[in-house]
Amino acid sequence: MSNSPPIEDPPVLPNLPPQHPRAPGPPPMPPMPPTDPRDHPRFLKSPGLMEVEEAAEAATRRPTVQELFIRVMRGVSAIAKADRNTAQNYSFRGVDATMNAVGPLVREHGLLVLPENVLLLSDERYETRGRDGRPGTPMRGVTVQVRWRFEGPTGDLMFAVTLGEAADSGDKAIPKAMSVAFRELWLKGLVVPTGDPDVDQEPAPPRAAQEPTPPPALVEQLIHGIDHATTEDPGLREAWQLVQSHHTAGELDRATYVALRDRAESRIATLQAERTDGYE
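Following this line, the structure appears as structure tokens:
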């Protein structure tokens, strides 16, 4: 016989009610909205809010130097030729008239304009032709090239180069030429209509015939003949006839011809003085 305990029958479970399926839980949370409000679907459906934000951003952003220049351009439509040159009978658009039209807009928009580099291209000193026996006026004519620097509120830069030409009897030739270059900067840069005839409307006037440049060897030969003439006749006369023949042939310009004539007259005076001294 075995000593193991007897096997008992399994217990009988009571009759329990049937189990129902598990009730559903709460719905899942919607995704978090984007960090940028402009990316939210509701915002994209409201263009008015976007326009307000863009306007606020534009109000706080500083304009570039190119944008400021365009604003000045929009404010200047035309500049009248209100000044008159009575001596040569023509109207012109002066430097002051240009500055009066452009200056207020430049100051209003905060555009800084300064000359950065000035290059003297030509410098000529001459004398005007006198009238009624009065001597001429010494003049200085110059041509300058100016490099202008435009600067905006953010420090960005823009550059332009213009030319100016002017003459003055005192020390104002270069300042005048720079003023002309400044006027041309605005007239060309702002695309201001000039009202001048088109360059193709009228043919260019014919160029004046240039006087011949005499060969240096020929001039030296004529000077030698005048300076070494020992008698007034026939030596000096022959030398002067040689000058006249070359001038008639078109080989001497007016300035050289006049210089040789003055030299011959001086030689005649010298010979006459020597002859007078010989008679004493």
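Taking my numbering, the leading residue of the sequence shown gets 1, the next gets one more, and so forth. Even for Gly, the Cβ is constructed at its ideal location relative to N, Cα and C. Predicted model only: the values in this text are computed from it and were never measured.
Are there 16 or more other CB atoms within 10 angstroms of the CB of residue i, so buried, or fewer, so exposed?
| i | result |
| --- | --- |
| leucine 185 | buried |
| arginine 93 | buried |
| alanine 181 | buried |
| valine 258 | exposed |
| valine 191 | exposed |
| histidine 246 | buried |
| arginine 267 | buried |
| threonine 248 | exposed |
Tell me which residues share the same chain as residue i and place their Cβ nearer than 7 Å to its Cβ, disregarding the 5 neighbours each side in the sequence.
| i | result |
| --- | --- |
| alanine 273 | none |
| proline 242 | Sequence inspection shows leucine at residue 242; the proline mentioned does not correspond to that position. Around leucine 242: Leu222 and Gly225. |
| arginine 84 | Ser91 |
| leucine 120 | Val142 and Val144 |
| histidine 228 | none |
Only counting the same chain, and skipping five residues up and downstream in sequence, which positions put a Cβ closer than 8 Å to that of residue i?
| i | result |
| --- | --- |
| methionine 178 | Pro115, Val118, Val144, Val146 and Gly164 |
| arginine 288 | Any answer about residue 288 is impossible in this case: the structure gives the chain only from 1 up to 280. |
| leucine 157 | Val65, Arg149, Phe150 and Glu151 |
| proline 28 | none |
| aspartate 132 | none |
| alanine 87 | none |
Of all the options the options, which has the alpha carbon lying nearest to the alpha carbon of residue i?
| i | options | result |
| --- | --- | --- |
| threonine 64 | Val161, Gly152 and Asp132 | Gly152 |
| valine 154 | Glu127, Ile79 and Leu111 | For the sequence presented, residue 154 should be read as threonine rather than valine. Checking every option, the nearest Cα to that of threonine 154 belongs to Leu111. |
| arginine 71 | Arg84, Arg134 and Glu108 | Glu108 |
| valine 161 | Lys188, Pro28 and Gly103 | Lys188 |
| isoleucine 174 | Arg131, Pro193, Arg61 and Arg125 | Arg125 |
| leucine 105 | Val76, Asp168 and Ser169 | Val76 |
| phenylalanine 69 | Phe159, Pro28, Lys172 and Gln88 | Phe159 |
| threonine 256 | Glu220, Leu271 and Ala269 | Glu220 |
| valine 142 | Pro30, Ala269 and Ala166 | Ala166 |
Express the C-alpha separation of residue j and residue i in angstroms, rounding to a whole number.
| i | j | result |
| --- | --- | --- |
| methionine 139 | glutamate 67 | 43 Å |
| alanine 82 | aspartate 96 | 10 Å |
| alanine 101 | serine 122 | 30 Å |
| threonine 98 | valine 113 | 15 Å |
| arginine 61 | glutamate 127 | 57 Å |
| tyrosine 90 | alanine 80 | 13 Å |
| lysine 176 | aspartate 168 | 8 Å |
| arginine 183 | glutamine 244 | 51 Å |
| phenylalanine 43 | glycine 103 | Note that phenylalanine 43 scores a pLDDT of 49, beneath 50, so its modelled location is shaky; the value from the coordinates is reported in the next line. Whole-angstrom Cα-Cα distance: 44 Å. |
| proline 26 | glutamate 51 | 39 Å |
| threonine 270 | lysine 172 | 45 Å |
| leucine 238 | arginine 134 | According to the sequence shown, residue 238 is glutamate rather than leucine. Approximately 37 Å, taken between the alpha carbons. |
Any Cβ of chain C within less than 7 Å of the Cβ of residue i?
| i | result |
| --- | --- |
| threonine 143 | In summary, chain C is missing from the structure at hand, where a single protein chain is found. |
Once the 5 residues before and after residue i are set aside, which same chain residues still bring their CB inside 6 Å of it?
| i | result |
| --- | --- |
| arginine 261 | none |
| methionine 73 | Leu190 |
| glycine 170 | none |
Pop quiz: residue i and residue j are said to be a contact at Cβ under 8 Å. What is the actual Cβ separation, rounded to whole angstroms?
| i | j | result |
| --- | --- | --- |
| proline 216 | alanine 78 | With 8 Å as the limit, proline 216 and alanine 78 do not qualify as a contact, their Cβ atoms being about 55 Å apart. |
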